[in-house]
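I have placed the structure first, in the form of structure tokens, so that the comments after it can refer back to it.
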């Protein structure tokens with residue numbers, strides 16, 4: 042009953058063509074009609090007669106259809122976002138599976154090696170690291186020499202122009 046009265050009040054508020062006094066009289070008449078018919082039946086017939094008595098059935102249907110359209114649009118947007126995030130989640134899960142497989146291969150390789158082989162690999166890695174450091178050091182020294190020569194050439198060109 043409270044929901045019916047509330048919906049009737051809301052429906053009357055959305056009717057800008059009628060004055061407030063007429064709306065209030067219509068609401069009072071509708072409530073009386075609902076009260077009389079709800080005594081005789083389960084209240085559904087009274088609800089329909091009150092709505093038709095007010096003449097707002099079409100407006101209520103329009104408002105509910107607009108609300109349903111808005112709700113459908115919002116749910117579609119939410120579903121699209123959920124699908125997009127599910128796809129991203131699946132892609133991340135596949136990447137995690139690939140990393141796990143690679144780690145499993147590394148672990149099985151390490152477990153299959155004995156201590157002497159591991160020491161050999163560590164020694165080779167040390168020599169490779171030393172060679173890379175020496176190579177980078179010589180490259181840096183070479184760059185420094187090139188810059189020094191460029192500065193000297195620039196100075197000689199500056200003296201020649203003066």
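In this note's numbering, the protein residues as written are 42 to 203.
Every residue gets a Cβ at the ideal spot worked out from N, C-alpha and C, and that includes glycine.
- Residue 117 carries a helical assignment under DSSP once its states are collapsed to helix, strand and coil.
- Here DSSP, grouped into helix, strand and coil, assigns residue 154 to coil.
- For the 9 angstroms CB-CB criterion, residue 159 and residue 151 form a contact.
- Annotation: residue 120 to residue 175 spans about 59 angstroms, alpha carbon to alpha carbon.
- Cα atoms of residue 183 and residue 127: separation of roughly 54 angstroms, rounded to the nearest angstrom.
- Per the coordinates, the alpha-carbon of residue 139 lies some 15 angstroms from the alpha-carbon of residue 149.
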